[in-house]
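Working notes, structure below.
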Amino acid sequence: MINIIVFIPIIAALLIGVVGSGKKISLLASGANLILGVFIFFELIKTGGKEIIYESSFLILETPNLALSFGVDGMSGILILLTLVVTFCAVQVSPEKGPDGKEKLFHISSMLISAGALGAFGATDMFFMFAFHELALIPTFLMIAIYGHGRDKVAIAWKITIYLGLGSLVLLGGLIALYSNLQGSGNPTFNIAELTDLAQSHPISESLQKWIFLSVFLGFGILVSLFPFHSWAAPAYAAAPTPTAMLHAGVLKKFGLYGIIRIAMPMLPEGFAAWQGLILVLLLGNILYVGFVTIAQSQLDKMLGNSSVMHMGYAFLGIACVNEIGTSGAVFMMFAHGVSIALLFALCGSLRERLNTLSLNRIGGLAGKVPFLAVTFGFAAFASIGLPGFANFASEVTILFGAFKDAQQISSLQITAILAIWGVVISAVYMLRAYRGIFQGESDRSLTLVRKDSLPKSPIVILIIILMVTGFFPNIILSLLHFKP
Numbered sequence: 043m044i045n046i047i048v049f050i051p052i053i054a055a056l057l058i059g060v061v062g063s064g065k066k067i068s069l070l071a072s073g074a075n076l077i078l079g080v081f082i083f084f085e086l087i088k089t090g091g092k093e094i095i096y097e098s099s100f101l102i103l104e105t106p107n108l109a110l111s112f113g114v115d116g117m118s119g120i121l122i123l124l125t126l127v128v129t130f131c132a133v134q135v136s137p138e139k140g141p142d143g144k145e146k147l148f149h150i151s152s153m154l155i156s157a158g159a160l161g162a163f164g165a166t167d168m169f170f171m172f173a174f175h176e177l178a179l180i181p182t183f184l185m186i187a188i189y190g191h192g193r194d195k196v197a198i199a200w201k202i203t204i205y206l207g208l209g210s211l212v213l214l215g216g217l218i219a220l221y222s223n224l225q226g227s228g229n230p231t232f233n234i235a236e237l238t239d240l241a242q243s244h245p246i247s248e249s250l251q252k253w254i255f256l257s258v259f260l261g262f263g264i265l266v267s268l269f270p271f272h273s274w275a276a277p278a279y280a281a282a283p284t285p286t287a288m289l290h291a292g293v294l295k296k297f298g299l300y301g302i303i304r305i306a307m308p309m310l311p312e313g314f315a316a317w318q319g320l321i322l323v324l325l326l327g328n329i330l331y332v333g334f335v336t337i338a339q340s341q342l343d344k345m346l347g348n349s350s351v352m353h354m355g356y357a358f359l360g361i362a363c364v365n366e367i368g369t370s371g372a373v374f375m376m377f378a379h380g381v382s383i384a385l386l387f388a389l390c391g392s393l394r395e396r397l398n399t400l401s402l403n404r405i406g407g408l409a410g411k412v413p414f415l416a417v418t419f420g421f422a423a424f425a426s427i428g429l430p431g432f433a434n435f436a437s438e439v440t441i442l443f444g445a446f447k448d449a450q451q452i453s454s455l456q457i458t459a460i461l462a463i464w465g466v467v468i469s470a471v472y473m474l475r476a477y478r479g480i481f482q483g484e485s486d487r488s489l490t491l492v493r494k495d496s497l498p499k500s501p502i503v504i505l506i507i508i509l510m511v512t513g514f515f516p517n518i519i520l521s522l523l524h525f526k527p
């Protein structure tokens, strides 16, 4: 079942290349995939998410044991569902035709980004988990360089590619070192579950773990835009076409966090403990430093890009708790943030299309002219801030519960959590200021609505409903997550 979900967008990309009809095929493929994903999600709810279900494997090499294998448990199922929802909504807000008649490449690239994310989250083999993520890098470059916004879109496309490429190289070095040091006994394998068992039964020495973990963590961290390796993210999301920003910020960036939880934490626990203090410092850089940078932005797209970077700090805080509550909160945050940032970029794209500008100094007084946008942007802003009733609030509270789970005495983790709470205030400042300026303030008199809005309402409503349902009933997500401290 998971292999079908992974290969449907690849088949769709091939069909688009042959017969065209990019948006129709993409919509059909993403819709069918979403139906399959919802079915799998309900199956996970029945089983509790503890065991891997729908396993499939195709042997590539016997020695080492390299197989194109897929399966889904609670964590991967949540992220696969996130990918399918965001892909379906991103396809709906995609234009019918790209510039200069290049709509084929546009929709092919979107499908390949989706396939890369699905493969990375669904793979149970470490080699293919890495390989599927890399599959998404080239189409990301093409989407920004060809279909992006602004004069510097090609330079920005190269910047994100270089950053993510370097992150992948650092990660690859760490994964090779990890694999090499886990093959002291037994048959060589890339299977993640078998490697985890091997790491726990025959642990790598503490001194080696320390340096292998650093390489793996920094590689994954660069892919997540961990401070101070975050400067690629905001310009890239501002320059990217709306569907690409939705897919990358909402889905693909979560791969780094997923990899840390799936590989680095269980296989290199001593290495994690050695660098926990550094992780706490860096995540505060995401929340506080990038938060203040976000306040200073005068362009809505760059504000949202920096906001996305900022909120990754909370996910890192959940991971740094090293307990089931905190880690579950981190995965919940990945899901909640993915939905909310996709929603915000969809609305931002609609504003760009109607106004030809996203300058917060020029836009104003739009509530009466675009009431649907005003209401839905308000919902999205409240979700991003972490208002009760939205998934973002539930995930942040879960992370804080994880941070204070063993608060017999104040530790560096609790101090970090207390400082991180100020990020909620920072989020409220930039989000509410932007909302007031865009929809309630006075606009530049020379600014007019230049064209009719083509934003479909259904994907916006779907994303808001998901945020509210999982906000009011967080156990839908949390009941599927099971981690050993």
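Residues in the sequence shown are numbered from 43 upward in steps of one, following the working numbering. Positions of the beta carbon are idealized from the N, C-alpha and C atoms, including for glycine.
- Ranked by how close their Cα comes to the Cα of P106, the residues G79, S210, N233 and S136 have N233 in first place.
- Secondary-structure assignment with DSSP links I95 through a beta bridge to V114.
- Note on geometry: alpha-carbon atoms of I150 and A54 lie some 8 Å from one another.
- Closest in C-alpha terms to K499, from the list L523, G410, F419 and M43, comes F419.
- Sorting E248, H353, P308 and A74 by C-alpha distance to the C-alpha of L324 places H353 at the top.
- In its chain, beyond the 5 residues on either side, G119 and L123 have a beta carbon closer than 7 Å to the beta carbon of F83.
- Here P270 is not near F374, since their CB atoms are 9 Å or more apart.
- DSSP, reduced to helix, strand and coil, places A178 outside both helices and strands of the structure shown, so it counts as coil.
- The residues D115, in chain order, have a CB closer than 8 Å to that of E93 in the same chain once the five nearest residues on each side in sequence are set aside.
- Around the CB of S222, fewer than 16 other CB atoms lie within 10 Å, so the residue is classed as exposed.
- Restricting attention to alpha helix (DSSP H) runs no shorter than 4 residues, the stretch 429-480 encloses them at 433-445 and 454-477, ordered along the chain.
- When I254, L320 and L206 are compared, the shortest CA-CA separation from G216 is found for I254.
- Taking 9 Å as the cut-off, the Cβ atoms of A278 and I155 do not count as close.
- Three or more beta-carbon pairs drawn from the stretch 126-137 and the stretch 65-77 are found closer than 8 Å, and the two stretches are therefore classed as touching.
- According to the DSSP secondary-structure assignment, N107 is paired through a beta bridge with T231.
- In the same chain as S454, and ignoring 5 residues on each side of it, the C-beta atoms closer than 7 Å to its own belong to G319 and L322, in chain order.
- Considered as a whole, the stretch 316-370 harbours no complete run of any beta strand (DSSP E) with no fewer than 3 residues.
- At a Cβ-Cβ threshold of 9 Å, F314 and F259 count as neighbours.
- I44 carries a helical assignment under DSSP once its states are collapsed to helix, strand and coil.
- Collapsing the DSSP output to three states places S401 in a strand.
- Less than 9 Å separates the beta-carbon of G209 from that of L265.
- With respect to P285, M185 sits close: the two C-beta atoms are nearer than 9 Å.
- Distance check between A372 and each of V335, T440 and I87 places T440 closest, using alpha-carbon atoms only.
- In terms of CA proximity to A199, I180 leads the group D448, S63, I180 and S401.
- A distance below 9 Å separates the beta carbons of S370 and G360.
- Between I405 and L474, the C-beta gap is not smaller than 9 Å, which leaves the two residues out of contact.
- Of the candidates L103, W317, E104 and S111, S111 places its Cα closest to the Cα of I95.
- When rounded, the separation of the alpha-carbon atoms in V471 and I337 is 7 Å.
- For A282, the secondary structure class from DSSP, reduced to helix, strand or coil, is coil.
- About 23 Å separates the beta carbon of L206 from that of L126, a gap too long to meet the 8 Å contact definition.
- Closest by C-alpha distance to V60, out of V48, I47, E145 and L103, is E145.
- Rounded to whole angstroms, A275 and L346 show a C-alpha spacing of 10 Å.
- The beta carbon of A235 lies closer than 8 Å to those of I94 and T166 in the same chain, with the five residues before and after it left out.
- For the options Q251, L177 and A173, the alpha carbon positioned closest to that of L214 is the one of A173.
- For S210, the enclosing alpha helix (DSSP H) has its first and last residue at K195 to N223.
- Bounds of the alpha helix (DSSP H) holding T89 are G64 to T89.
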